[in-house]
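Only one structure is covered here, and it is reproduced in the block below.
Residue numbers (the numbering used here): 102 to 985.
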């Protein structure tokens, strides 16, 4: 494994600790009191939860005390004000629960905590937050903008170029006094006139954030600002090499961005990103009070800050990552069903919360790199349960059919992103280390250091050659299909100073200018081969020590990084942003190395200057550089304070004074690659193939003879009839844009091809009740025959027409048949149905000593009287239950 991602703390830890405490309690205290015993001490700890998943202002706050001394009453506080008191029955030491319902709550963010009270004392809960309408971390400021705010305070203003006026007001303040500041005065000049009028003069297309403060009430409001293009369109990505940063929605990070200073102390940024990771079951969407709140809040806060939100979607691995784990997951139908459901959940948030705003999406870091490096197979040869997307209901029969291969998985993912989140700006992540060495042996120090041993000319030829092979593999996997917008690549998740900072020539990732220019060559090759722009992400923020840059925070210079936890050096920002630093000994020799004759390196005595290479990056096809700590002990450029003492943010503000323009007035625009329906594959009969392009107004040209389509090739005007084995190649063209990548679909018309194997739902296993089993087949028109007596099904076996009721232990075997095709393989599913005469265990049920229940096919006898709760299943709590 090359990279480990920084993962935020979340609420799973609380549940784990609670579970351990409860299990210990049960194991050590077997003489549990009777259900109706009185409390003998202060109440156990209460926990609050809410169900306001849709933020509509109608919700219930529920208090649970899971085990211990009960309370006789409870008090609920809203925003620290008592809003409810209720009586309780003492049933110590059993669980206690109570709730209070709220209706039609106004927009805002509300905090709740409670007290659980008995004669021995009071125990308080932790505080939770509930967001209504404009919530999700969006606190109602009390400053109203007329014509913009509706039911909730707007997150973002969108204005044309020129002057726009808005009236500001604060409830209860008759003569308000407002002040105004912004983090980007280049896109708009803003001022308060006549005391309460906000005047915005849109100067150029782009984004900013406004901080509005009212003096009498001391209220503060942050609102995003978008200025349209001269012809009235919404702004896209910046027309210069944009900069971005990793950023949580923690108070430290948000306070950092909201510190709108002047000059080099400002906190302007184009993009911010976070990870949506942890897997599809107990991952990112469970890390907040409201399911998916991590993504919802991030988009809302980004809009307010005038930044484009990006997500790094990273859920093929879950708790850890490796080739074996990723391969296991993509081959698991159940895991991939959860994966596709999780992806759709994220896309629905992106579509709803993003609206007409761009939301970036970097897909599955390291995943394809692992497959290329370790599998020894091409993407169309690796098995992946793409069919799980259909079983999960994310795709249906009206969508293209994608095969159960790695290629099918990637293409299906791209299609799903376009289907559910058309506002997503997405691409897949590439890896420097992906190639096992196809055209050249890759040393242990990595591909960027080939010039160390092969020389500049030969080494760079080898780097470009290997980059082409890496790009070829990823494109064979389908990363550019279905309108992908960019390709992405990182460097390394940890700053290079963790290894040999005193002699950086011995550090794999501590690069000098030659290596960084090799990196630009690698990216330029990806750009040229994929015909897509490149976005760099997870670029380290640590800098080379002994910087001579002026420090506007102390009017001196910046302190050296100590090359300890969260305080490591790296050379990445020096290369992209430029700096002058002093060095001596091995460090001087290494950082002054310039075998590639880079004109932006100069040396004066012990001072080394690396000029900014932002223009060179833009000329290489890179449109954005996203900096940020990749693991928990990386140097952090964001926070209050950041661990690099503000060096990175200061150099970034300096860059914004003269940003490197991209080609043209907008980022490189490329026509979306054509898509085919049905997808290429093997079919038993002739197919009618439609070709589409996601770019409006694009003309599609195609060939069927294997040649590369050009602007002179046949223009697509109607579906193409394919009655024999044919490869269709298509390319889309539009004036003013770069031509699309060539899309290719191979159709094999083969009457002897094999029918897909049947699929059972639910999957085989042990069940405590009867199951209705459905059988499906991915091959259109297939007839399914099945048996339940253990025999192999044939054409004379029972034909499947509807769900099969399985009320006792039974094995179902099924085969699928289509005239003119080979029969499918026989699929088998064994179902074990518990035959217990005892009632099934259930939560929230009172059980007395000796009661027998069934659970997961086994019978259990109750050892201690108690009221059951979720998590106290018989197999989990041996202090309460034993096998009968």
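Glycine residues also receive a C-beta, built at the ideal position from the N, C-alpha and C atoms.
- Closest option to residue 957, judged by alpha-carbon separation, among 946, 977, 968 and 948: 977.
- Note on residue 455: 16 or more other CB atoms within 10 angstroms of its CB, so buried under the neighbour-count rule.
- Considered as a whole, the region 575-635 harbours 587-590 as its complete beta strand (DSSP E) runs of no fewer than 3 residues, in chain order.
- Residue 207 is classed as exposed because its beta carbon has fewer than 16 other beta carbons within 10 Å across all chains shown.
- Taken atom to atom, the span from the alpha-carbon of residue 938 to that of residue 904 is near 26 Å.
- The shortest C-alpha to C-alpha distance from residue 269 to any of 263, 815, 261 and 281 is the one to 281.
- Sorting 563, 886, 226 and 867 by C-alpha distance to the C-alpha of residue 876 places 886 at the top.
- With a 10 Å radius around the Cβ and a threshold of 16 neighbouring Cβ atoms, residue 619 comes out buried.
- In terms of Cβ geometry, residue 727 and residue 411 form a close pair [threshold 9 Å].
- Per DSSP, the continuous beta strand (DSSP E) segment holding residue 200 begins and ends at 197-203.
- Given a length threshold of 4 residues, each whole run of the alpha helix (DSSP H) inside the region 739-806 is given here in chain order: 748-757.
- According to the DSSP assignment, residue 514 belongs to the alpha helix (DSSP H) that extends over 507-521.
- Taking each of 190, 185 and 196 in turn and checking the Cα distance to residue 203, the smallest one comes out for 185.
- The three-state reading of DSSP puts residue 470 in helix, counting H, G and I together.
- Within the model, the alpha-carbon separation for residue 357 versus residue 758 is close to 20 Å.
- Going by DSSP, residue 359 is part of no alpha helix (DSSP H) at all; its letter is neither H nor E.
- Secondary structure at residue 326: strand, using DSSP grouped into helix, strand and coil.
- For residue 489, the uninterrupted alpha helix (DSSP H) run begins and ends at 489-492, by DSSP.
- Under the DSSP definition of a beta bridge, residue 215 partners with 177.
- By the Cβ test, the region 242-251 is in contact with the region 307-324, since at least three Cβ pairs between them sit closer than 8 Å.
- The alpha helix (DSSP H) runs lying completely inside the region 512-573 and spanning 4 residues or more are 551-555, given in chain order.
- The region 959-968 and the region 941-949 touch, with three or more beta-carbon pairs separated by less than 8 Å.
- Beta-bridge analysis with DSSP links residue 680 to 711.
- Cα atoms of residue 914 and residue 908: separation of roughly 16 Å, rounded to the nearest angstrom.
- When rounded, the separation of the alpha-carbon atoms in residue 393 and residue 525 is 17 Å.
- In terms of Cα proximity to residue 214, the closest of 826, 179 and 201 is 179.
- Of the other Cβ atoms in all chains shown, fewer than 16 fall within 10 Å of the Cβ of residue 704; this residue is therefore exposed.
- Residues of the same chain with a CB within less than 8 Å of the CB of residue 196, apart from the 5 flanking positions on each side, are 165, 166, 167, 168, 968 and 970 in chain order.
- Taking a 10 Å sphere around the C-beta of residue 667, we find 16 or more other C-beta atoms and assign the residue as buried.
- Beta-bridge analysis with DSSP links residue 657 to 652.
- Around the beta carbon of residue 264, a 10 Å sphere encloses fewer than 16 other beta carbons of the protein chains shown; the residue is thus reported as exposed.
- Counted as a single uninterrupted DSSP element, the stretch harbouring residue 481 is not any alpha helix (DSSP H), since DSSP gives it neither H nor E.
- Rounded to the nearest whole angstrom, the CA to CA distance from residue 277 to residue 301 is 19 Å.
- Restricting attention to 827, 376 and 804, the CA atom closest to the CA of residue 787 is found in 827.
- The Cβ atoms of residue 327 and residue 259 sit closer than 9 Å to each other.
- When DSSP reads this structure, residue 928 sits in a beta bridge with 915.
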